[in-house]
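This report concerns only the one structure given below.
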Amino acid sequence: MRKEWMYYFLAFFTIMVWSFTFVSTKALLLYLSPEEIMFFRFVIAYIVLLLLHPKFYPVQNKKTEFYYGLAGFFGGSLYFFTENYALKYTLATNVGLITAGIPIITAFLAHFMVRGEPLKKQLFIGGILAFIGVAFVIFNGQVVLQISPIGDLLAGVAALSFAFYSIFIKLIQTGHSAIYVTRKVFFYSVLTSFPFLIFGEFTWDLERWIQPVVLGNLFFLGIVASGLCFVVWNQAIYVLGAVKTNHFIYFVPFLTMLFAWLFLNESITIYALLGSVFIICGVYIAERPEKQLPKKRINHLKNDT
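Going by my numbering, 75 is the number at position 75 of the sequence shown; the sequence numbering is gapless.
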């Protein structure tokens with residue numbers, strides 16, 4: 001139990017970092033395209049993880065290697081490409097609300113694809129409460145619904161993509177360290193990002209790298225947000241499961257709001273506070289262990305039957 005709580009903390013730490021990445025991404029978009037940001041952060045993350053774990057292992061079997069490739073595609077190139085471009089075609093509130101459905105989508109997929117991930121009533125009760133809380137935080141008392149078919153569809157693909165990524169990470173059972181697994185996943189992320197680069201906005205104008213704002217934010221996204229955090233996140237998935245780990249995604253809007261208050265002097269409204277309470281209660285309900293009958297009570301029931 002103590003070991004599990006350590007990974008709960010690490011998962012929450014990862015979400016805290018990912019909640020802050022919007023600042024770095026927003027700063028980089030003034031200099032780089034979404035494809036360039038995606039590609040360079042993958043390359044940086046791979047190089048760092050290669051330095052930490054330079055050893056290579058032979059391919060175990062085609063099935064496991066296929067899972068590596070799928071994890072790299074869904075959690076890397078496809079997810080970041082669709083999410084970044086969704087922000088171009090629809091409101092940020094739409095993207096935030098749609099991607100908040102990742103934990104629920106993961107629960108459905110895991111039920112059919114992963115052993116030991118059953119659908120439980122408390123997951124849906126907690127998920128619904130947390131989702132309501134996310135809506136309160138995102139809309140912040142000003143409900144502006146503007147449907148953009150292309151942008152909203154891309155956001156939906158991003159949510160589905162990250163859910164699939166979590167499933168495939170759970171299915172990779174190799175006995176290797178989380179650093180090696182994550183490094184190999186990023187290799188396939190880099191590999192599968194090339195089609196997006198060919199048809200997207202990508203140039204080799206490396207003069208832009210000289211600027212401190214570009215270097216600093218790219219290294220943060222590549223080393224910390226990608227290299228470090230994906231290793232921790234993947235290890236949490238192994239220990240806690242894909243469904244439980246992804247519940248922490250509900251905290252992203254709350255933490256983003258908190259960082260905006262601390263660093264951008266944005267105000268926190270009563271709606272945001274109410275939403276935060278819903279999120280915390282929802283995640284608690286979804287994460288708490290199921291109540292089990294005492295052994296004496298179980299034996300009594302058996303005798304009655």
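Don't be surprised by glycine CBs; every beta carbon is placed ideally from N, CA and C.
task: Consult DSSP for His53 and reduce its assignment to one of helix, strand or coil.
output: To locate residue 53, count along the sequence shown from 1; it is residue 53. It is coil, neither helix nor strand.
- request: Pull up the distance between the alpha-carbon of Leu28 and that of Leu218, whole angstroms please.
  value: Taking the first residue of the sequence shown as position 1, residue 28 is located at position 28. Taking the first residue of the sequence shown as position 1, residue 218 is located at position 218. In a straight line, the C-alpha of Leu28 is about 8 Å away from that of Leu218.
- request: Check whether the Cβ atoms of Phe12 and Phe248 sit closer than 7 Å, and answer yes or no.
  value: For the purposes of this step, residue 12 is identified with residue 12 of the sequence shown, where counting begins at 1. For the purposes of this step, residue 248 is identified with residue 248 of the sequence shown, where counting begins at 1. Their beta carbons are under 7 Å apart, which means Phe12 touches Phe248 by this criterion.
Contact the stretch 194-214 vs the stretch 253-260: 3+ CB pairs below 8 Å: no
Environment of Asp152 [buried if 16+ CB atoms lie within 10 Å]: Residue numbering aside, residue 152 sits at position 152 when the sequence shown is read from its first letter. Buried, since its Cβ has 16 or more Cβ neighbours within 10 Å.
message: Would Ala158 and Thr90 qualify as a contact pair, given that the criterion is a beta-carbon distance under 7 Å?
response: Taking the sequence shown and counting its residues from 1, the one referred to as residue 158 is at position 158. Taking the sequence shown and counting its residues from 1, the one referred to as residue 90 is at position 90. The answer is no: Cβ separation not under 7 Å.
field: Three or more C-beta pairs below 8 Å linking the stretch 276-285 and the stretch 35-50
entry: no
field: Residue span of the alpha helix (DSSP H) that contains Thr182, given as start and end
entry: Here residue 182 refers to the residue found at position 182 of the sequence shown. First-last of the alpha helix (DSSP H) with Thr182: Ala178 to Phe199.
field: Buried/exposed call for Val231, threshold 16 Cβ in 10 Å
entry: The residue given as residue 231 occupies position 231 in the sequence shown. By the neighbour-count rule (16 or more Cβ atoms within 10 Å), Val231 is buried.
task: Could you please give the first and the last residue of the uninterrupted alpha helix (DSSP H) stretch that includes His111?
output: On the sequence shown, position 111 is the one that residue 111 refers to. That run of the alpha helix (DSSP H) goes Ile102 to Met113.
query: So, do the stretch 267-276 and the stretch 220-235 have three or more beta carbon pairs nearer to each other than 8 Å?
result: no
field: 7 Å Cβ shell around Trp209 - same chain, five flanking residues per side excluded
entry: Against the sequence shown, residue 209 aligns to sequence position 209. Here the set comprises Leu215.
query: Is Tyr68 closer than 7 Å to Lys184 when the C-beta atoms are compared?
result: Counting from one through the sequence shown, the residue named residue 184 turns up at place 184. Counting from one through the sequence shown, the residue named residue 68 turns up at place 68. The answer is yes: Cβ separation under 7 Å.
- request: Measure from the alpha carbon of Leu262 to the alpha carbon of each residue in Gln235, Gln173 and Val23, then state which is nearest.
  value: The count along the sequence shown starts at 1 and reaches residue 262 at position 262. Considering only alpha carbons, the answer is Val23.
query: Where do the ends of the alpha helix (DSSP H) carrying Asp205 lie?
result: Counting from one through the sequence shown, the residue named residue 205 turns up at place 205. Where Asp205 is concerned, there is no enclosing alpha helix (DSSP H), given that its DSSP letter is neither H nor E.
query: What are the boundary residues of the alpha helix (DSSP H) that Thr90 is part of?
result: Locating residue 90 in the sequence shown gives position 90, where the first residue counts as 1. Counting along the chain, Thr90 falls outside any alpha helix (DSSP H), and DSSP gives it neither H nor E.
query: When burial is assigned at 16 or more other CB atoms within 10 Å of the CB, is Phe56 buried or exposed?
result: Within the sequence shown, residue 56 is the residue found at index 56, counting from 1. Classification of Phe56: exposed, given that the 10 Å Cβ count is below 16.
- request: Determine the extent of the alpha helix (DSSP H) in which Phe74 is found, giving its start and end residues.
  value: By 1-based counting over the sequence shown, the position of residue 74 is 74. Counting along the chain, Phe74 falls outside any alpha helix (DSSP H), and DSSP gives it neither H nor E.
task: Quick one: using the 10 Å Cβ neighbour count with 16 as the cut-off for buried, is Gly175 buried or exposed?
output: Start at 1 with the first residue of the sequence shown, and residue 175 comes out as number 175. Exposed is the call here.
- prompt: CB Leu52 to CB Ile179, shorter than 7 Å?
  reply: The residue given as residue 52 occupies position 52 in the sequence shown. The residue given as residue 179 occupies position 179 in the sequence shown. Contact flag set, yes.
- prompt: Are the beta-carbon atoms belonging to Ser161 and Phe74 less than 7 Å from one another?
  reply: As a working note, residue 161 is residue 161 in the sequence shown. As a working note, residue 74 is residue 74 in the sequence shown. Taking 7 Å as the Cβ cut-off, Ser161 and Phe74 qualify as a contacting pair.
field: Residues near Ile98 by beta carbon distance below 7 Å, same chain, minus five either side
entry: Here residue 98 is taken as the residue at index 98 of the sequence shown, counted from 1. Correct list, in chain order: Asp152, Ala155, Gly156 and Ala159.
Enclosing alpha helix (DSSP H) for Ile167 [first to last residue]: Against the sequence shown, residue 167 aligns to sequence position 167. First-last of the alpha helix (DSSP H) with Ile167: Pro149 to Leu171.
- request: List the endpoints of the continuous alpha helix (DSSP H) containing Phe219.
  value: Mapped onto the sequence shown, residue 219 falls at position 219. Run containing Phe219: Pro212 to Phe219, per the alpha helix (DSSP H) assignment.
- prompt: According to DSSP, is Val59 helix, strand or coil?
  reply: Here residue 59 refers to the residue found at position 59 when the sequence shown is read from its first residue. Three-state DSSP puts Val59 in coil, outside helix and strand.
- request: Note down the Cα distance separating Val382 from Ala242, rounded to an integer number of angstroms.
  value: Only positions 1 to 305 of the chain appear in this structure, which leaves residue 382 out of reach.
query: Run through DSSP, which three-state label would Ile132 get?
result: For the purposes of this step, residue 132 is taken as residue 132 along the sequence shown, with counting starting at 1. In this structure, Ile132 counts as helix in the three-state DSSP scheme.
query: Using DSSP with H/G/I as helix, E/B as strand and the rest coil, what is Ser226?
result: Counting from 1 along the sequence shown, the entry for residue 226 is found at position 226. Helix.
Alpha carbon of Tyr31 to alpha carbon of Phe20, nearest angstrom: The count along the sequence shown starts at 1 and reaches residue 31 at position 31. The count along the sequence shown starts at 1 and reaches residue 20 at position 20. The alpha-carbon atoms of Tyr31 and Phe20 are separated by roughly 19 Å.
- prompt: So Thr174 is in the alpha helix (DSSP H); what residue range does that whole segment cover?
  reply: Here residue 174 refers to the residue found at position 174 when the sequence shown is read from its first residue. No alpha helix (DSSP H) contains Thr174, which DSSP labels as neither H nor E.
- request: Can you say whether Glu4 is buried or exposed, counting buried as having 16 or more other CB atoms within 10 angstroms of its CB?
  value: Here residue 4 is taken as the residue at index 4 of the sequence shown, counted from 1. By the neighbour-count rule (16 or more Cβ atoms within 10 Å), Glu4 is not buried but exposed.
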